[in-house]
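Enquirer:
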Amino acid sequence: MEKLLRWSVENSDPNGGPPQPPQDPEKKMDSEIIDAILGKSDATRIREAIEVISNPNETLENREIAFDNLELLVEQIDNAIDIENMNLWPKILSFLSLPETTLRMHAVWVCGTAIQNNIRAQKAFAEKGGIKLILDLLKNQNEDMEVRSKALYAISGAIKHYLPGLEQFEKEKGYETLIFLLQTSNDLTILRKTVFLFNTLLLQDLSRVATQIKEKGVARQMVKLLETYGENDEDLADKILRTLLQYPSKSLTEDEKNELRRILPEIKKKYGEVALSKSEWEELELRIK
Numbered sequence: 001m002e003k004l005l006r007w008s009v010e011n012s013d014p015n016g017g018p019p020q021p022p023q024d025p026e027k028k029m030d031s032e033i034i035d036a037i038l039g040k041s042d043a044t045r046i047r048e049a050i051e052v053i054s055n056p057n058e059t060l061e062n063r064e065i066a067f068d069n070l071e072l073l074v075e076q077i078d079n080a081i082d083i084e085n086m087n088l089w090p091k092i093l094s095f096l097s098l099p100e101t102t103l104r105m106h107a108v109w110v111c112g113t114a115i116q117n118n119i120r121a122q123k124a125f126a127e128k129g130g131i132k133l134i135l136d137l138l139k140n141q142n143e144d145m146e147v148r149s150k151a152l153y154a155i156s157g158a159i160k161h162y163l164p165g166l167e168q169f170e171k172e173k174g175y176e177t178l179i180f181l182l183q184t185s186n187d188l189t190i191l192r193k194t195v196f197l198f199n200t201l202l203l204q205d206l207s208r209v210a211t212q213i214k215e216k217g218v219a220r221q222m223v224k225l226l227e228t229y230g231e232n233d234e235d236l237a238d239k240i241l242r243t244l245l246q247y248p249s250k251s252l253t254e255d256e257k258n259e260l261r262r263i264l265p266e267i268k269k270k271y272g273e274v275a276l277s278k279s280e281w282e283e284l285e286l287r288i289k
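Just so we're aligned, residue 1 is where the sequence shown starts under the UniProt record's numbering, counting upward by one.
#1: Is the separation between the beta-carbon of Phe-125 and that of Ala-158 shorter than 8 angstroms?
#2: Locate the alpha helix (DSSP H) running through Met-86, then write down its first and last residues.
#3: I'd like the list of long-range same chain contacts for Tyr-153, defined as Cβ closer than 8 angstroms, with 5 residues on each side in sequence excluded.
#4: Can you tell me which of Ile-190, Ile-65 and Leu-252 puts its alpha carbon nearest to the alpha carbon of Ala-49?
#5: My parser needs the alpha helix (DSSP H) runs of 4 or more residues fully inside the segment 248-273; what are they?
#6: Among the residues of its own chain, which have a CB less than 7 angstroms from the CB of Leu-201, if the five just before and after it don't count?
#7: Look at Val-274 and Ile-240 and say whether their C-beta atoms are less than 8 angstroms apart.
#8: Any idea if His-106 is buried or exposed, counting beta-carbon neighbours within 10 angstroms, 16 or more meaning buried?
#9: In or out: Met-145 buried (at least 16 other Cβ within 10 Å) or exposed?
#10: Are the beta-carbon atoms belonging to Asp-82 and Ala-43 less than 8 angstroms from one another?
#11: Quick check on DSSP: helix, strand or coil for Ile-288?
#12: Leaving out five residues before and five after Thr-177 in sequence, what residues of the same chain have Cβ atoms less than 6 angstroms from its Cβ?
#13: For the alpha helix (DSSP H) that Ala-154 lies in, which residues bound it at each end?
#14: Considering only the alpha carbon of each residue, which of Pro-99, Asn-87, Thr-101 and Ser-149 lies closest to Glu-127?
#15: Please report the distance separating the alpha-carbon of Lys-27 from that of Lys-40.
#16: Which same chain residues end up closer than 7 angstroms to Glu-58 when comparing Cβ atoms and leaving out the 5 residues on each side of it in sequence?
#17: Among the candidates Glu-143, Gly-174, Gln-141 and Asn-142, whose CA atom is the shortest distance from the CA of Ser-156?
#18: Sort Lys-214, Gln-204 and Tyr-162 by Cα distance to Asn-117 and report the nearest one.
#19: Looking only at its own chain, which residues have a Cβ that is under 6 angstroms from the Cβ of Gln-212, when we skip the five neighbours before and after it?
#20: Go ahead and pull the three-state DSSP assignment for Ser-41.
#21: Grab me the residues of Glu-283's own chain with a C-beta within less than 8 angstroms of its C-beta, minus the 5 sequence neighbours each way, in chain order.
#22: Under the three-state reduction of DSSP, which class applies to Gln-221: helix, strand or coil?
#23: Could you check what DSSP says for Met-94 in three-state terms: helix, strand or coil?
#24: To the nearest angstrom, how far is the alpha carbon of Val-9 from that of Ser-97?
#25: Look up Ala-275 in the DSSP assignment and say whether it is helix, strand or coil.
#26: On the CB-based measure, 16 or more other CB atoms within 10 Å of its CB, does Thr-243 come out buried or exposed?
#27: What's the gap between the Cα of Ser-279 and the Cα of Glu-84?
#28: Quick check on Lys-27: does DSSP put it in helix, strand or coil?
#29: For Ile-46 and Leu-73, what's the separation of their Cα atoms in angstroms?
#30: Please report the Cβ distance between Leu-236 and Leu-188, rounded to the nearest whole angstrom; I am assuming they are in contact, meaning their Cβ atoms lie under 8 angstroms.
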């Protein structure tokens, strides 16, 4: 009777509930066993990857592998949204300033992947200051070219079809940053991506973007690039020509038209309809008459 009373006291609910039967230790499952059977959740995998990346005592290879895993995970829209739900954007953005170049490159790539065609991720990224941080990487002439190239991918994802992102981009002097790249970079990959981004923005919001870039002399810089690289790089020439075609018909200055009248015949002779169709060449030539 005494033993029964003791058991009743030890197993009773302190709030007055009925006594509970003792738990069978064999029924307690270790979380690692559950993970082994069911597999870890994506949220757990994301946290684990970030823990490895954050650990300076891990090898560079392990941190790069963790970044690869993280990038694959955030390709999925729901996982990219969960970055904000788990309050992980500040940590991921802090990786943009890691001292290791390859890790910064991976960090930019993860950001760009997470926000591609994902308005909720774009919103969280912008609100956490991501656009400014990416533009800072692009402005830094000492930054590795591969990092800057990936930064163009990320900034494109941040502002494409997302007006608040574009507005913040403009507030942070994004157009000026892109023009700076056109003026100072001699890396063809950077130049191609920058020109292509201007073209994308014009297609997205012609009147708004055309007004902004006309005032900043973007067309003049495009013409200079066409003269410098046009006959030696078909891809860049094609992107410049198509960007110029997106300009409103009266946006080119007389000086720009004169330069184009001078250099276009050789470009057309070399690339012909590989670059533009017959009707596109005719339209461009009509604009510079």
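Quick reminder that beta carbons are idealized off the backbone N, C-alpha and C, glycines included.
Expert: According to the structure data:
#1: Within the sequence shown, the letter at position 125 stands for residue 125. Within the sequence shown, the letter at position 158 stands for residue 158. It is a contact, given that the beta carbons lie within the stated cut-off.
#2: Within the sequence shown, the letter at position 86 stands for residue 86. That residue, Met-86, is in no alpha helix (DSSP H); it is neither H nor E in DSSP.
#3: The sequence position of residue 153 within the sequence shown is 153, counting from 1. So the list reads Val-108, Trp-109, Gly-112 and Lys-193, once near-sequence residues are dropped.
#4: As a position in the sequence shown, residue 49 is number 49, starting the count at 1. The residue with the shortest Cα to Cα distance from Ala-49 is Ile-65.
#5: 254-271
#6: Reading the sequence shown from its first residue, position 201 is the one you call residue 201. The answer, listed in chain order, is Val-209.
#7: By one-based count along the sequence shown, residue 274 stands at place 274. By one-based count along the sequence shown, residue 240 stands at place 240. Not a contact, by the Cβ cut-off of 8 angstroms.
#8: Sequence index remark: in the sequence shown, residue 106 carries index 106 (1-based). Per the 10 Å Cβ criterion, buried.
#9: Locating residue 145 in the sequence shown gives position 145, counting from the first residue. Classification for Met-145: exposed.
#10: One-based indexing of the sequence shown puts residue 82 at position 82. One-based indexing of the sequence shown puts residue 43 at position 43. In contact: Asp-82 and Ala-43 (Cβ atoms closer than 8 angstroms).
#11: One-based indexing of the sequence shown puts residue 288 at position 288. Coil, per DSSP.
#12: In the sequence shown, the residue the question calls residue 177 occupies position 177. Once the five neighbours on either side are set aside, the close Cβ partners of Thr-177 are Leu-135, Leu-138 and Lys-139.
#13: Residue mapping note: residue 154 aligns to position 154 of the sequence shown, counting from 1. That run of the alpha helix (DSSP H) goes 145-159.
#14: Within the sequence shown, numbered from 1, the residue matching residue 127 stands at position 127. The option with the nearest alpha carbon to Glu-127 is Asn-87.
#15: In the sequence shown, residue 27 corresponds to position 27, counting from 1. In the sequence shown, residue 40 corresponds to position 40, counting from 1. Note that Lys-27 scores a pLDDT of 49, beneath 50, so its modelled location is shaky; the value from the coordinates is reported in the next line. Rounded to whole angstroms, Lys-27 to Lys-40 spans 20 angstroms at the Cα level.
#16: Indexing the sequence shown from 1 puts residue 58 at position 58. Result list for Glu-58: Val-52, in chain order.
#17: Sequence index remark: in the sequence shown, residue 156 carries index 156 (1-based). That would be Gly-174, whose Cα lies nearest to the Cα of Ser-156.
#18: Taking the sequence shown and counting its residues from 1, one reaches residue 117 at position 117. The residue with the shortest Cα to Cα distance from Asn-117 is Tyr-162.
#19: What you label residue 212 is simply residue 212 of the sequence shown in a count that begins at 1. Cβ contact annotation for Gln-212 (same chain, cutoff 6 angstroms, sequence separation greater than five): Tyr-175, in chain order.
#20: The residue labelled residue 41 in the question sits at position 41 within the sequence shown. The answer is coil: DSSP assigns Ser-41 none of H, G, I, E or B.
#21: Taking the sequence shown and counting its residues from 1, one reaches residue 283 at position 283. Once the five neighbours on either side are set aside, the close Cβ partners of Glu-283 are Leu-245.
#22: Residue mapping note: residue 221 aligns to position 221 of the sequence shown, counting from 1. DSSP places Gln-221 in helix when its eight states are reduced to three.
#23: Walking along the sequence shown from the start, residue 94 turns up at place 94. Going by the sequence as given, residue 94 is Ser instead of Met. Reduced to three states, the DSSP call for Ser-94 is helix.
#24: By 1-based counting over the sequence shown, the position of residue 9 is 9. By 1-based counting over the sequence shown, the position of residue 97 is 97. Per-residue confidence for Val-9 stands at a pLDDT of 45, beneath the threshold of 50, marking its modelled position as unreliable; the derived number appears in the next sentence. Cα to Cα, Val-9 sits roughly 58 angstroms from Ser-97.
#25: Position 275 of the sequence shown holds residue 275. Three-state result, Ala-275: coil.
#26: Position 243 of the sequence shown, counted from the first residue, corresponds to residue 243. Buried, by the Cβ-count rule.
#27: As a working note, residue 279 is residue 279 in the sequence shown. As a working note, residue 84 is residue 84 in the sequence shown. C-alpha separation (whole angstroms): 47 angstroms.
#28: Working through the sequence shown from its first residue, we reach residue 27 at position 27. Because Lys-27 carries a pLDDT of 49, less than 50, the predicted location of this residue cannot be relied on, and no value is offered for it.
#29: For the purposes of this step, residue 46 is identified with residue 46 of the sequence shown, where counting begins at 1. For the purposes of this step, residue 73 is identified with residue 73 of the sequence shown, where counting begins at 1. Between Ile-46 and Leu-73, the C-alpha separation is close to 7 angstroms.
#30: Start at 1 with the first residue of the sequence shown, and residue 236 comes out as number 236. Start at 1 with the first residue of the sequence shown, and residue 188 comes out as number 188. Between Leu-188 and Leu-236 the Cβ distance is about 6 angstroms, and since that is below 8 angstroms, they are a contact.
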